[in-house]
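Accompanying notes for the structure given below.
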Amino acid sequence: MNAAGANGRGWVAHLRQFVRQTPDVRCELCALPILPDHPHLFEVGKRQLYCCCRACALLFGSQQGAHYRPVPRDSRYLEGFRMTDLQWDALAIPIDIAFFFHDSDAKRVVAMYPGPAGGTQSALDLSAWDGLVTDNPVLTQLQPDVEALLVNRTEGAREYYRVPIDQCYALTGLIRARWRGLSGGAQAWEAIRGFFTALKRHGRVPEGLLHA
Amino acid sequence: MNDARTIEAQQRRIEELIAALEALDDPHAKEPAKELLQVVLDLHANGLSRLMEIVAGSGVLDDPLTEALERDPQVSALLLLHGLHPQDLPTRVARAVEKLRPLIGTQGIQIELIDAAEEAVAVQVSGRLQGKHNTVAELQQEIERVIFEAAPETMRVEIAGLSEMNVHELRFVPNHSDVTSRTEAGGQ
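Sequence lines, in order, name chains A and B. Mind the numbering: the first sequence is residues -13 to 198 in this note's numbering, read in order. Mind the numbering: the second sequence is residues 35 to 222 in this note's numbering, read in order.
Pasting the structure below:
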C-alpha cells in the first residue's frame, strides 16, 4: 500500500515530473518551475497575463494599488441569466461563442471571440451591453480585465458563465489547435463540447482536456 | 494477484525505475528514455481522452457507469495518470479526508482539509494521540497514504499540527527516537 513516492510525491506526480521536458513552464516573476495548473497574474500597465507560482500570485496579487491583479480561479455557471436572441444579435458577434470583459485601459467593455486564427476583438455596441447589465446585475460584479462573461450558443445552447479570463484564452487556444477547414471538423467540436461540459460540471476545465 | 495488488506492485516498480534513471549522469542515456516514456504516455493520453469523449458522446456515460469506472482500480489509475478522472482533485481529496476521519478518530485525532491542489494538499490535525502502538510517524504515514492514493498527482501532503501532537504518556520508549527521525525525514 505504498501510493506515495520515494520522496513523498504521489506516483503520478513523480512520473509526470520525470518525463516533463526540462522545465516546461517557469514562474514569469521568480523563474521557479511551475505546474500546468498554475495561477496567472494580470499586469495592469502592460495589459498582459503572466504565468506564476502560487507564492508570487499570493504576494503580488494581494498588494494594494497593485501593479498586478490576480486572475480568479473558479468559474460559475450563471443559472437564470437573461439574454434574448435579439440582444445577442445586437452585439454583432459573427460566431456562437464570445467572451466579454471590462477593459480598464480602454475604459469600456470589449468582446472577444475565438476562431481558427486565435482571438479576435470586436467593437461592441455599448448600448446593447448596458441593456444586458440591467437585466443581469451579476455583470456588475465582474472584476475588470481578469473576469469575463462567457457565452456559449453553439448547437442551440444558451449558456452563460462567469469565468476567469485565462479560461477564455484556454478555450481560444483549444479551438485554434483543432479547427480544420471551414466548419471546424468533428475533433474541434468535440473539444468545444468537452470544454463546456467540464466547465458546467466542475467550474473548471481539467488540464488533461486542454492538453490532450 | 488481485487488481489492487498488481497496481501497487507496478507503481512501486515505476518509482524504482525512475529513481534508477534519475541516478544516471549520462544525458545520452536518460533523455531517450524520458522521451520514449513521454511519447508512450502521450499516445495513451490522447487515445484514452478520445475514448472518453466517444463514450460520453454516445450518451451511455451515466452515473452508474462513471462509478464503475472509478471503482475499478486499474481503470481509475489510468484515468488519474492522464488527468481524465471524472472526479476532480478537490473532490477526491475531500472524500479521502472523510475516509480518514473515522480511522484516525478512534486514535483521538481530528482532521480538517485546508487546501487541495496539485502542488500540495494541506490538512490540519488536532487532538491527543492515544494507544501505545500509535506514533506520530504512523499517523503521518497513514494520512499520506490515503491522500496520495486518492490524489496521486499531488506533489506533497502538508500536515499542520503534527509537531504539537500530544502523544499519550504510555508511548513505547524505543519508538520515541524512531518517531523523531522519521518525522524529520518525512517533513522535508
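Glycine included, every Cβ here is placed at the ideal spot set by N, Cα and C.
Residue state for Met199/B is assigned as coil, using DSSP reduced to three classes. Residues of chain A whose Cβ lies closer than 7 Å to the Cβ of Gln72/B are, in chain order, Val5. Near chain A, meaning a CB-to-CB distance below 8 Å, the residues of the region 88 to 99 of chain B are Ala90, Gly91. Per DSSP, the continuous alpha helix (DSSP H) segment holding Leu157/A begins and ends at 151 to 164. Short of 7 Å from the beta carbon of Arg68/A, and not among the five residues preceding or following it, lie these beta carbons of its own chain, in chain order: Asp121, Asn122. Taking a Cβ-Cβ threshold of 7 Å, the residues of chain A close to Ala185/B are Gly(-4), in chain order. Here Ala97/A is bridged, per DSSP, to Phe86/A, Ser108/A. Only those residues of the region 68 to 80 of chain A whose C-beta falls short of 8 Å from the nearest C-beta of chain B would be listed, and there are none.
The continuous beta strand (DSSP E) containing Ile143/B extends over residues 143 to 150. In the structure shown, Asn138/A adopts extended strand secondary structure according to DSSP, grouped into three states. Annotated as proximal: Phe87/A and Ala134/A, with beta-carbon spacing under 8 Å.
Relative to Lys186/A, the option among Tyr63/A, Asp89/A, Tyr36/A, Asp131/A whose CA is nearest is Tyr63/A. For the C-beta of Ala(-1)/A, the chain B residues within less than 8 Å are, from N- to C-terminus, Glu152, Pro186, Glu187, Thr188, Met189. For Leu45/A, none of the residues of chain B pass the 7 Å Cβ criterion, the least Cβ distance being about 15 Å. Not one beta carbon of chain B lies nearer than 8 Å to the beta carbon of Gly142/A.
With respect to chain B, the C-beta atom of Leu21/A has a partner C-beta closer than 8 Å.
Of all alpha-carbon atoms in Glu29/A, Arg12/A, Thr183/A, His0/A, the one lying nearest the alpha-carbon of Ser48/A is that of Glu29/A. Under the three-state reduction of DSSP output, Cys42/A falls in the helix class.
Between Ser90/A and the set Phe182/A, Pro56/A, Thr70/A, Val132/A, the nearest pair of CA atoms involves Val132/A.
Taking C-beta atoms as the reference points, Ile145/B and Val131/B count as a pair closer than 8 Å. Residue nearest to Ile177/B within the set Leu137/B, Ala67/B, Ser92/B is Leu137/B (criterion: CA-CA distance).
Here Ser110/B is not bridged, per DSSP, to any residue. Three or more beta-carbon pairs separated by less than 8 Å link the region 151 to 165 of chain B to the region 192 to 199 of chain B, which places the two stretches in contact. Scanning chain B for C-beta atoms nearer than 8 Å to the C-beta of Gly180/A yields Glu87, Ala90, reported in chain order. Within a 10 Å sphere around the beta-carbon of Asp152/A sit 16 or more other beta-carbons, which makes this residue buried. Of all residues in the region 161 to 176 of chain A, only Glu176 come within less than 8 Å of chain B when Cβ atoms are compared, listed by chain position. In terms of CA proximity to Ala92/A, Ala109/A leads the group Arg179/A, Gln173/A, Ala109/A. For Arg33/A, no chain B residue has a C-beta closer than 9 Å to its own C-beta; the minimum C-beta separation is roughly 27 Å. Inter-segment contact for the region 42 to 61 of chain B and the region 116 to 131 of chain B is absent: fewer than three beta-carbon pairs are separated by less than 8 Å. In the three-state reduction of the DSSP assignment, Ala57/B falls in the coil class, being assigned neither a helical nor a strand state. Against chain A, the CB of Leu115/B has a partner CB under 8 Å away; the residue lies at that interface. The DSSP-derived three-state label of Arg59/A is coil. Relative to Val157/B, the option among Thr140/B, Gln108/B, Leu134/B, Thr169/B whose CA is nearest is Leu134/B.
Asp23/A places its beta carbon 8 Å or farther from that of Glu192/B. For His188/A, the enclosing alpha helix (DSSP H) covers residues 171 to 188.
When Cβ-Cβ separations below 8 Å define contact, His26/A makes no contact with chain B.
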